[in-house]
Every structure is written in structure tokens, then in C-alpha cells.
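Student: The structure under discussion is supplied below as C-alpha cells; questions concerning it will follow.
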DNA sequence: CATGAATGTTCTATATATAGAACGATTGAA
DNA sequence: TTCAATCGTTCTATATATAGAACATTCATG
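Protein chains in written order, with my numbering: chain F, 86 to 289; chain S, 86 to 289.
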């Protein structure tokens with residue numbers, strides 16, 4: 086015997102509601118009728134109707150077929166946030182914060198600070214010869230990406246040391262104290278991109 | 086009467102397989118038994134077992150409850166790509182793909198291509214005077230960020246045109262056809278970062 | 001006004017996702 | 001050895017997700 090409880094858990098329900106709206110939005114944006122999308126995806130149009138109204142609890146398979154037909158992925162459809170912030174932003178130099186290393190030889194311009202996306206930030210990094218930038222550990226599981234445009238840098242994390250020169254990219258875990266030093270004899274220039282772990286996985 | 090065809094579509098099947106591995110990985114990483122996770126999530130342990138082996142086709146509701154119990158979101162669980170990435174990666178210049186514009190005057194070096202994180206990519210962009218780079222629309226809701234290091238560029242999206250010069254950053258929606266042109270008389274150099282819409286999501 | 005071809009909705013029958021129980025395998029302690 | 005506990009698997013019954021058909025509505029065009 087199997088007893089089954091109806092489980093309209095609020096979290097899940099909200100997820101389904103958002104999903105339905107997203108599907109509807111994508112479908113109408115492409116000017117597709119239920120029948121069209123049904124034909125393209127192989128999902129019954131009755132199903133699509135119910136999904137859009139959050140009257141059912143779709144299966145991974147149907148979600149996969151639907152998002153494929155809509156040209157996206159299941160993750161994207163589920164994660165899609167419809168805030169249609171149709172904004173364009175133009176930052177002037179004086180708006181961009183600049184950090185300096187303790188020795189005054191390195192400069193870190195924080196370019197990519199977007200309040201809507203906290204888990205990725207990027208910087209323009211320059212260092213005079215022998216300049217060293219010391220960073221304490223970033224939030225759990227962050228990954229730092231250093232792409233050197235000109236010059237030669239040395240990166241130390243924990244007890245490991247690597248060298249990176251112009252044209253190369255180094256990617257390393259930044260949830261330890263780490264430092265970057267200019268070991269060349271010219272000004273070094275690099276693009277640094279930090280990705281926070283929140284977007285990958287809440288740590289084990 | 087309802088005829089129903091079993092549809093083990095390869096795409097969907099692969100997604101399910103990946104999902105199963107991810108669930109298993111997260112569960113064991115937290116040292117949870119099937120029973121533990123079942124108790125925490127409210128999903129029958131038999132279901133979890135079948136999901137991990139991709140012998141069933143879970144519902145959005147169960148995925149939601151499971152990922153909640155594991156401390157993540159459905160998107161993250163589905164999007165989680167493959168195993169623990171190598172701790173460190175060092176890309177040489179020859180590993181980095183380079184795109185050229187049709188007129189041959191612009192160069193786009195794809196620096197930040199991480200297979201584990203599909204929602205952010207960045208590029209090193211250079212353009213000779215008058216060079217123009219035309220891009221077709223990116224996936225739904227992408228945002229493109231252009232930080233000019235040297236020179237002066239003009240960005241056209243839809244019918245809007247903006248100018249950006251050294252030190253400035255322009256941020257615009259890239260889900261339309263758009264183009265970037267060097268309107269200065271020296272080689273322009275910029276860092277371009279693209280963020281896909283899938284990532285616009287609060288909380289971790 | 002018809003009449004048809006679209007649209008989205010509700011109905012109905014079946015395949016299947018799911019919960020719970022029963023099972024077998026492993027471990028550890030008395 | 002026993003016994004008990006705990007693991008993952010497999011079985012079974014039911015709730016339900018799904019496909020397909022029937023239905024309802026709009027909107028053309030004659």
C-alpha cells in the first residue's frame with residue numbers, strides 16, 4: 086500500500102509559477118502558438134498550457150524538450166529572472182574605484198562591479214616592476230583568473246608559485262591568502278576576473 | 086485512448102545521467118545516506134536511488150525538494166557541470182582561440198572560456214582604426230560589458246549608438262545584433278565581459 | 001450572417017513517477 | 001557465532017504527468 090500526501094510546498098510552487106511565466110514569455114517572444122511549440126518540442130500542447138499556468142508538475146524530460154525547442158537549457162529556463170532591466174550603463178573613469186597595493190606599485194581598477202550579479206567581478210590590474218599585491222582569502226571557493234596582457238607576473242597561493250607572462254592565463258583557487266608580484270622589468274598589465282563559488286556549488 | 090511513446094531522447098537522457106551523478110556527488114560529499122537525505126528532503130529513498138542511476142524521470146517538485154535539502158538550487162544542480170575542476174589551469178597563448186572580424190582589423194581573444202561556468206566569458210579585444218566587429222544577437226538576455234583600456238570605440242545596438250573612450254566602461258544588452266567600431270586614430274584595446282542571463286539570480 | 005481556420009482550454013485514458021514496504025548485503029558489537 | 005543496525009536495491013500500489021481528442025473562442029473571409 087502506498088499513502089501519498091499532496092505536497093504543494095510553497096518553495097516548489099513558486100518555482101513552478103516562475104517557470105510557467107518564463108515558458109510563456111519565451112514562447113510568445115518567438116511568436117509561437119501552443120500548437121507550434123508542441124510540434125517543435127514533441128510535448129502535448131495541453132501540457133504546455135498547464136505548465137504555463139502552473140497546474141502541473143512537469144518532468145525533467147518535458148522540461149528538457151521544451152527548453153531545447155525554445156533554444157535554451159533547463160537551467161536557464163529555471164534560473165531565468167524576468168527583471169527586464171533594459172538598462173544601459175556608462176561608467177566614467179571617476180566612477181571607477183581604484184585600489185592600491187601597500188607598496189604603492191600596483192593598481193587595481195574595479196571595473197565590473199554590478200550589484201545585480203555579485204558572483205563575478207573583474208579588474209584591470211597594473212603593476213610596476215617588483216610591485217606586489219597581497220590579497221587575503223576571498224569567500225569560500227572563489228576562483229581567480231589572471232590574463233596577462235603585458236609583462237610577467239608571479240602568483241603565489243598557499244605554498245605554490247607560478248609564473249605567467251603576456252598572452253597566458255592562470256586560473257587558481259583564491260580562497261587562500263595569495264599574492265601577485267611583477268617579476269619583469271616593465272610595467273605589467275593584466276585582466277583579472279573573479280568568480281565566486283556561490284554560482285558553482287555551496288562547498289562540501 | 087491515449088497512445089504514449091517512450092521517449093529516451095539522447096539529450097534528455099544525458100541530462101538525467103549528469104543529474105544523477107551530481108546528486109550522488111553532493112550527497113556523498115555531505116556524507117549523507119539515502120535514508121538521511123530522504124528524511125531531510127521528504128523524497129523517498131527509493132526515488133533518490135533511481136534518480137542517481139537515471140532510472141526515472143524526476144518531477145520538478147522532487148528536484149526542488151532534493152536540491153533544497155542539498156543546499157542548492159535546481160538550476161545549479163542541473164547546470165553543475167562535471168567533476169571537480171582541476172585546481173589550477175595555465176593556458177598558453179596557443180591554447181587561446183582568436184576570432185577576427187570580417188574586415189580583418191579586429192581581433193578577439195577568447196580568454197575566459199571555462200567549461201564549468203558557462204554564464205560568463207571574457208575577451209581581449211583589439212581593433213585597428215576603422216575596424217568594425219559585427220556580432221549577431223547573443224542568447225536571450227546576455228549583457229555585454231566593454232571596458233576600454235586605450236583608444237576610442239563606438240558601440241551600436243539596435244538603433245542606439247554610444248561612444249566609449251579609454252577608462253570608461255559601457256554595459257549594454259547583447260541579445261540584439263550589435264557592432265563595435267574603432268573611431269579613433271590609434272589601435273583600440275578593451276576588455277569585454279559577457280554575462281549570460283541564466284545567472285541573474287539573487288541568493289546563492 | 002455563415003464557415004472555416006486559427007487560438008487556448010478542458011476532458012479522458014494510460015504510462016509512469018512516487019511513497020512505502022520488503023529485501024539482501026554489509027558491518028560491528030555482545 | 002549470533003543479533004541488531006544500517007546501507008542500497010527492488011518490489012508493489014497509487015497518485016499523477018502526459019498525450020490525444022473534444023471543446024470553446026476568437027478572428028478572418030466569403
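Each residue gets a CB set at the ideal place from its N, CA and C atoms; glycine is no exception.
This one's a predicted model, so the numbers in the text were calculated from it and none came from an experiment.
(1) Can you have a look at residue 140/S and say buried or exposed, based on whether 16 or more other CB atoms are within 10 angstroms of its CB?
(2) List, in order along the chain, the chain S residues whose C-beta lies closer than 8 Å to that of residue 142/F?
(3) Beta-carbon separation of residue 230/F and residue 267/F under 8 Å?
(4) Straight-line CA distance for residue 278/F to residue 120/S?
(5) Tell me which residues share the same chain as residue 128/S and place their Cβ nearer than 7 Å to its Cβ, disregarding the 5 neighbours each side in the sequence.
(6) Just to make sure I have the definition right: I need the residues of chain F whose C-beta is within less than 7 Å of the C-beta of residue 118/S. Which are they?
(7) Go to residue 159/S, then tell me how far its alpha helix (DSSP H) extends in each direction, as first and last residue.
(8) Within 8 Å of any Cβ in chain S, is that where the Cβ of residue 196/F sits?
(9) Check this for me: beta carbons of residue 276/F and residue 213/F, under 8 Å apart or not?
(10) Using a Cβ-Cβ cutoff of 8 Å, what residues of the stretch 149-163 of chain S are near chain F? List them in chain order.
(11) Determine the burial state of residue 269/F: buried for a count of at least 16 other Cβ atoms within 10 Å of its Cβ, exposed for fewer.
(12) Using beta-carbon positions only, say whether residue 246/F and residue 257/F come within less than 8 Å of one another.
(13) Indicate whether at least one CB of chain S lies closer than 8 Å to the CB of residue 124/F.
(14) Quick one, which of 154/S, 104/S, 116/S has its alpha-carbon nearest residue 124/S's?
(15) Mind checking which residues open and close the beta strand (DSSP E) that includes residue 119/F?
(16) Within 10 angstroms of its Cβ, does residue 101/F collect 16 or more other Cβ (buried), or is it exposed?
(17) Using the three-state DSSP reduction, which class does residue 150/S fall into: helix, strand or coil?
(18) Does chain F have any CB closer than 8 Å to the CB of residue 254/S?
(19) Just to confirm the assignment: which complete beta strand (DSSP E) runs, minimum length 3, are found wholly within the stretch 215-281 of chain F?
(20) Consult DSSP for residue 97/S and reduce its assignment to one of helix, strand or coil.
Tutor: A quick look at the data gives this:
(1) Its Cβ having fewer than 16 others within 10 Å, residue 140/S is exposed.
(2) Neighbours of residue 142/F on chain S, chain order: 144, 145, 146.
(3) Taking 8 Å as the Cβ cut-off, residue 230/F and residue 267/F do not qualify as a contacting pair.
(4) Each residue's alpha carbon lies about 41 Å from the other.
(5) Cβ neighbours of residue 128/S within its own chain (closer than 7 Å, five residues either side excluded): 147, 150, 151.
(6) Within 7 Å of the CB of residue 118/S, no CB atom of chain F is found; the nearest one sits about 16 Å away.
(7) In the DSSP assignment, residue 159/S falls within the unbroken alpha helix (DSSP H) covering 159-164.
(8) Closer than 8 Å: yes.
(9) The Cβ atoms of residue 276/F and residue 213/F lie no closer than 8 Å to each other.
(10) So the list reads 149, 150, 153, 156, 157, 158, 159, 160, 161, 163, given in the order they occur along the chain.
(11) By the neighbour-count criterion, in which a residue is buried when 16 or more other Cβ atoms sit within 10 angstroms of its Cβ, residue 269/F is buried.
(12) Going by C-beta atoms, residue 246/F is not nearer than 8 Å to residue 257/F.
(13) Using a CB distance cut-off of 8 Å, residue 124/F does not count as an interface residue toward chain S.
(14) Comparing Cα positions, the closest option is 154/S.
(15) The continuous stretches of beta strand (DSSP E) do not include residue 119/F, which lies in the alpha helix (DSSP H) extending over residues 119-126.
(16) With 16 or more Cβ atoms within 10 Å of its Cβ, residue 101/F is classed as buried.
(17) Secondary structure at residue 150/S: helix, using DSSP grouped into helix, strand and coil.
(18) Under the Cβ distance rule, residue 254/S counts among the residues neighbouring chain F, one pair being separated by less than 8 Å.
(19) Correct list: 217-220, 228-235, 237-242, 245-250, 254-258, 263-267, 273-280.
(20) Look at residue 97/S here: in three-state DSSP terms it is helix.
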